[in-house]
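J.: To start, I am sharing the structure in question, which I have written as structure tokens.
Protein chains in written order, with the working numbering: chain A, 1 to 621; chain B, 1 to 621.
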């Protein structure tokens with residue numbers, strides 16, 4: 001690799017702006033003030049998006065932008081810090097979305113010299129962008145348009161460089177399915193919020209990247225020492241061995257018994273098939289351990305199927321979330337079908353969480369008689385039917401029959417179907433809930449309710465309630481939940497400037513103190529020395545994200561929960577009788593945030609965070 | 001590449017013998033007399049098999065052997081001469097089988113220094129063999145056992161060398177499905193006769209090869225000149241452009257109109273969907289042209305599906321035969337489903353011809369009421385149903401329900417089912433018929449009837465009748481068909497010593513004259529100068545193959561045709577009214593062959609061909 005003399009500090013110091021309408025691109029030097037204020041990654045993404053995508057833009061119009069970011073630590077020896085982020089206005093929620101993934105794409109973007117890639121406009125015909133260091137080409141994608149991701153990858157590698165990395169869309173994104181994902185060459189997905197449809201609306205099949213630059217480190221000696229300490233800390237952590245052996249599959253059965261892993265579209269009745277998800281059973285499918293760029297955890301596994309109709313299939317394992325969305329929430333315990341449907345989702349480019357919840361929604365509507373065979377094209381929707389799962393995944397991805405309705409997400413699907421269907425649509429702000437029951441984990445629920453992207457478990461993960469980290473907290477209690485929710489939200493935003501993975505963060509294998517040290521030794525920016533500054537940046541990012549959606553008209557009325565979560569007590573232990581006490585929890589949270597009673601950041605708070613401009617934009621200055 | 005000083009002439013001069021029972025291997029120098037007498041490829045294979053696999057061996061026992069061969073021209077600059085052959089006693093027919101495929105495996109075996117690989121015995125647990133030039137390792141295949149071919153390939157390349165080539169089996173071969181294929185890393189299949197099951201019975205998942213030697217050429221100057229002439233001849237041939245643009249897909253619709261492409265399990269009633277197989281329609285699916293090692297024809301295409309339930313799939317196109325076996329013979333014109341089923345067949349490792357004919361057989365039994373839903377696990381078998389096709393391919397590969405019966409091939413399946421099912425089982429000697437109607441092409445039918453491997457279109461292809469090459473012959477006539485059948489059979493056997501592809505041979509882009517020149521300039525063996533000698537070798541090989549099956553008890557009683565072909569006149573033009581006049585045709589053929597009236601080579605014929613030992617073995621000496 002060549003040194004990158006043009007960069008300053010640990011940044012590559014460049015933003016690549018891609019204008020698909022005019023097939024032009026420009027390279028902008030990275031603004032040093034921006035770097036100091038927003039650090040990188042998620043910070044850069046929301047700042048560009050806030051400044052450049054004004055209120056009211058149709059998410060599928062050329063005026064929406066898709067910002068891909070890396071961080072100051074991407075492509076270095078730091079462990080678990082080479083993820084990449086996509087930020088955009090979401091066609092699923094009409095709010096903001098930040099979607100994160102791993103693999104090797106983020107590091108490669110960094111090697112090519114970029115801290116951010118801003119995609120704007122719309123090509124008149126399918127294209128892909130080939131970024132080879134400084135060289136950027138717009139290329140005809142007629143041949144790969146329509147291809148599943150794995151096939152498109154092979155063709156694109158043939159046409160560019162065998163060692164290139166890429167982010168792309170599958171047929172679902174091309175068809176503007178609102179729950180479609182962004183998929184890397186190594187099948188890592190930034191799945192939530194419909195980024196696939198945004199890319200599809202721009203007629204952009206893929207961004208293919210090859211880089212040859214090495215990130216410059218401000219203080220290599222200190223940096224290397226920190227990496228050694230990080231590796232040692234990983235080795236000492238019990239979570240390390242847990243993730244290394246089974247990844248997120250180690251917790252599936254445990255979480256079911258703890259009252260998470262909500263069953264049967266959150267009806268939460270006992271799920272007899274849960275025993276199939278024990279660590280022993282799931283471990284028996286693993287044939288390979290894989291890791292992202294510079295991460296020793298290697299939490300991503302490969303499954304081999306040898307039984308049933310999908311025997312012979314070998315694919316990335318379903319994560320905890322997918323065992324739930326294609327399993328528990330459907331009452332399905334057929335691991336072969338879950339793995340196969342997971343494979344289809346990667347090939348078509350679909351968000352497995354939203355897709356599974358949409359299928360659960362349809363199944364409950366069918367059970368309740370709200371829809372019948374005439375709406376399902378003759379399919380009989382039943383809880384726990386593995387073939388229906390596979391068939392509906394395909395129909396959603398390809399917009400076939402009822403699939404074209406479910407692919408709009410449960411919120412819009414319920415509006416289309418009417419007849420009280422909304423009652424069974426489990427979402428916040430249009431984003432389908434993940435595998436946690438807000439009734440069993442109140443701070444986790446607060447995360448979902450208040451998240452600017454809708455019900456995401458990644459925008460803040462209540463490690464207090466779930467792991468007792470950094471201190472144990474009663475999951476059912478409502479007191480003090482505002483403060484701890486703010487804590488994990490800000491912490492996550494802070495770490496995602498780097499771009500650190502949330503697994504080591506939620507397990508405290510790394511801390512903001514450590515992130516801060518890494519950032520200082522990589523960049524030499526004095527402010528980063530103080531971890532309190534990084535916490536402040538986290539809060540700044542989260543607030544700016546909230547202002548983005550407030551500008552779009554979102555307020556407390558969207559910081560809510562599905563009726564079932566608010567009114568139906570959980571019928572099974574250990575959370576039996578619990579509901580989600582929204583009003584009380586929200587009030588506590590807004591107070592902790594310093595926001596007003598409508599859930600909007602105040603002028604004072606924004607000014608305190610250095611976001612006076614944002615306050616002005618919101619009309620509260 | 002390194003020179004291979006140990007070899008003589010164009011041969012690498014080595015035979016690798018792999019003993020799976022004892023995990024031993026030996027390298028035997030190639031016998032010069034054998035080389036002179038049998039040249040290479042198919043000649044070597046039948047010679048080893050005849051000498052080493054005595055009468056009565058159970059094809060799925062450790063005593064069966066699997067011989068892989070290359071030829072003196074493999075891995076050189078000669079065009080279309082790097083195919084490889086698998087020869088074995090067939091578990092489908094209990095006769096002999098020779099199955100051929102292309103890709104890059106054959107050349108790689110040659111680069112590793114081998115003219116033949118003889119696999120014998122049986123491993124007690126799944127293994128694969130890793131051949132890296134001289135180094136041969138037996139390796140545990142527990143991890144890849146159960147994997148579809150594409151996944152197994154990725155794992156095996158990771159474990160060996162990314163540039164290695166391989167032949168392997170899929171789940172069908174592992175499960176001993178009798179119509180299972182041998183599949184290369186580039187998804188080329190030696191599909192006919194159940195080679196996959198033979199490999200599976202030996203617990204052998206794959207043979208992975210990497211070589212670094214360059215074949216030595218006796219007279220490089222003359223050789224290079226011949227290659228130039230060959231390339232020029234290709235360019236001049238109208239068949240070249242035909243194959244280059246559409247491969248075998250250019251003839252599908254034409255052959256239907258000519259009375260081939262037998263419809264509805266050879267009932268040959270008009271097939272309305274045939275219009276879907278026009279060159280224009282099929283060309284619209286092509287997104288890539290691929291070629292085997294050193295072949296400028298590049299007849300192997302890639303299809304992209306953008307419509308219907310299989311949209312997103314990109315895979316090797318279905319050849320003429322597969323458009324028929326998954327299309328015409330089933331009354332199915334859904335090209336998407338045919339392509340998808342073709343993909344499944346490559347992934348599972350199935351012979352598409354036998355599989356399609358088995359499905360047609362089941363469909364007709366269902367139509368006739370011989371089987372019902374209780375035999376089909378509830379499936380309603382209908383002509384032209386694309387979903388049933390896909391489902392049955394899967395069930396056959398994985399031995400699920402009725403699939404486990406159909407996977408035995410139609411001959412055994414009819415025996416199992418009884419109730420007159422044999423009438424609808426379209427096979428010769430247990431091998432399912434390919435996409436030619438013997439009633440419309442009498443010499444082609446004679447090829448099927450007399451072939452030692454059963455109804456194969458590759459053991460002799462009646463170019464006289466089909467293309468008018470080397471001279472035009474009336475396809476319906478019976479006169480003189482014995483002679484031309486012998487001609488194409490011997491010619492094919494002669495060319496497959498090299499190992500030449502039959503496409504340029506049947507289209508006379510190459511001739512035995514040319515083969516002969518190539519062989520002489522490559523090896524310096526004087527005898528090869530005379531093309532008449534190569535014709536003699538072809539006849540020798542074919543006769544030895546016949547003696548192999550005669551020793552097993554095969555005679556005229558198996559040189560026959562399904563009842564439908566013998567008795568039911570073709571109902572559609574242009575072959576309307578035609579049946580297959582077996583007795584007359586056979587008599588003529590045996591006479592041309594110099595065989596006795598039982599269809600057995602005579603002592604005189606065998607001695608004339610230098611096969612006195614074989615005559616002795618047969619007890620006619």
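Where a beta carbon is used, it is the ideal one built from N, C-alpha and C, also for glycine. Because the structure is a prediction, the values reported are computed rather than measured.
Is residue 322 of chain A close to chain B, meaning its C-beta is less than 8 Å from at least one C-beta of that chain?
T.: no
J.: Does residue 461 of chain A come out as helix, strand or coil in the three-state DSSP assignment?
T.: Note: residue 461 of chain A maps to coil in three-state DSSP.
J.: If you measure between the beta carbons of residue 178 of chain B and residue 92 of chain B, is that distance less than 8 Å?
T.: yes
J.: Going along chain B, which residues have a C-beta under 8 Å from residue 188 of chain A?
T.: For residue 188 of chain A, none of the residues of chain B pass the 8 Å Cβ criterion, the least Cβ distance being about 17 Å.
J.: Taking just the CA atoms, how far does residue 335 of chain B sit from residue 381 of chain A?
T.: Roughly 29 Å separates the two Cα atoms.
J.: Under 7 Å Cβ-Cβ, which residues of chain B neighbour residue 287 of chain A?
T.: Residues of chain B passing the Cβ test: 143.
J.: What's the gap between the Cα of residue 468 of chain A and the Cα of residue 378 of chain B?
T.: 52 Å
J.: Cα separation between residue 132 of chain A and residue 338 of chain A?
T.: Rounded to the nearest whole angstrom, the C-alpha separation of residue 132 of chain A and residue 338 of chain A is 37 Å.
J.: Quick check: the Cα distance between residue 2 of chain B and residue 129 of chain A, rounded to an integer number of angstroms?
T.: Confidence is the limiting factor: at residue 2 of chain B the pLDDT is only 35, short of 50, which leaves the residue's position unreliable, though a coordinate-based value still follows. In a straight line, the C-alpha of residue 2 of chain B is about 41 Å away from that of residue 129 of chain A.
J.: Determine, for residue 139 of chain B, whether the minimum Cβ-Cβ distance to residues of chain A falls below 8 Å.
T.: Cβ-Cβ to chain A under 8 Å: no for residue 139 of chain B.
J.: Quick one: using the 10 Å Cβ neighbour count with 16 as the cut-off for buried, is residue 457 of chain A buried or exposed?
T.: buried
J.: If you measure beta-carbon to beta-carbon, which residues of the stretch 334–349 of chain A are closer than 7 Å to chain B?
T.: 347, 348
J.: For residue 138 of chain A, collect the residues of the same chain with a Cβ closer than 7 Å to its Cβ; drop the 5 residues on either side in sequence, then sort them by chain order.
T.: 23, 127, 129
J.: Return the residue from the list B/197, B/12, B/19, B/533 that minimises the CA-CA distance to residue 32 of chain B.
T.: Checking every option, the nearest Cα to that of residue 32 of chain B belongs to B/12.
J.: With DSSP as the reference, identify every bridge partner of residue 316 of chain A, one or two as the case may be.
T.: A/302
J.: Applying a beta-carbon distance threshold of less than 7 Å, which residues of chain B neighbour residue 304 of chain A?
T.: 146, 147
J.: Helix, strand or coil for residue 685 of chain B per DSSP?
T.: Because chain B spans 1 through 621 in this model, residue 685 of chain B falls outside it and cannot be assessed.
J.: My guess is that residue 638 of chain B and residue 146 of chain A are in contact by the Cβ rule of under 8 Å, so how many angstroms apart are they, rounded?
T.: Nothing can be reported for residue 638 of chain B, as the shown portion of chain B is limited to 1 through 621.
J.: Excluding the 5 residues preceding and the 5 following residue 123 of chain B in the sequence, name in chain order all residues of the same chain whose CB lies nearer than 8 Å to its CB.
T.: 20, 21, 23, 138, 202, 203, 204
J.: Counting only beta-carbon atoms, is residue 2 of chain B nearer than 8 Å to chain A?
T.: Summary for residue 2 of chain B: the model assigns pLDDT 35, below 50, so the residue's position carries little reliability; its value from the coordinates is reported in the next sentence. With 8 Å as the cut-off, residue 2 of chain B does not count as an interface residue toward chain A.
J.: Whole-angstrom Cβ separation of residue 151 of chain B and residue 173 of chain B, contact assumed at under 8 Å?
T.: That belief does not hold up - the Cβ atoms of residue 151 of chain B and residue 173 of chain B are roughly 14 Å apart, past 8 Å.
J.: Kindly indicate which three-state DSSP category residue 446 of chain A falls into: helix, strand or coil?
T.: helix
J.: So, does the CB of residue 313 of chain A fall closer than 8 Å to a CB anywhere in chain B?
T.: yes
J.: Short of 6 Å in beta carbon distance, which residues of its chain neighbour residue 563 of chain A, apart from the five on each side in sequence? Order them along the chain.
T.: 423
J.: Taking 8 Å as the threshold (beta carbon to beta carbon), is residue 273 of chain A in contact with chain B?
T.: no
J.: What first and last residue would you give for the beta strand (DSSP E) that runs through residue 138 of chain B?
T.: 135–140
J.: Please go through the same chain and pick out, in chain order, the residues whose beta-carbon is closer than 7 Å to the beta-carbon of residue 298 of chain B, but skip the five residues on each side of it.
T.: 244, 289, 290, 291
J.: Return helix, strand or coil for residue 595 of chain B, following the three-state DSSP convention.
T.: strand
J.: Which word fits residue 325 of chain B, buried or exposed, when buried means at least 16 other C-beta atoms lie within 10 angstroms of its C-beta?
T.: buried
J.: If you follow the beta strand (DSSP E) that residue 85 of chain B is in, where does it begin and where does it stop?
T.: 84–89
J.: Might you give, ordered along the chain, the residues of its own chain that have their beta carbon closer than 6 Å to the beta carbon of residue 252 of chain A, omitting 5 neighbours on each side?
T.: Exclusion of the five residues before and after residue 252 of chain A leaves 277, 320, 323 as the residues of its chain whose Cβ lies within less than 6 Å of its Cβ.
J.: Output needed for residue 199 of chain B: all residues of its chain with C-beta closer than 7 Å, excluding positions within five of it in sequence on either side, in chain order.
T.: 66, 169, 173, 182
J.: Would you list, in chain order, the members of the stretch 347–379 of chain A that have their beta-carbon closer than 8 Å to a beta-carbon of chain B?
T.: For the stretch 347–379 of chain A, which is checked against every Cβ of chain B, the residues closer than 8 Å are 347, 348.
J.: Identify, in the order they occur along the chain, each residue of the same chain with its Cβ nearer than 6 Å to the Cβ of residue 486 of chain A, setting aside the five sequence neighbours on each side.
T.: 592, 593
J.: Should residue 6 of chain B go down as buried or exposed, given a rule of 16 or more other Cβ atoms within 10 Å for buried?
T.: Its pLDDT being 43, under 50, residue 6 of chain B is placed unreliably in this model, and the value from its coordinates should be taken loosely. When all chains shown are included, residue 6 of chain B counts as exposed.
J.: Is it buried or exposed for residue 220 of chain A, if we count other Cβ within 10 angstroms and need 16 for buried?
T.: exposed
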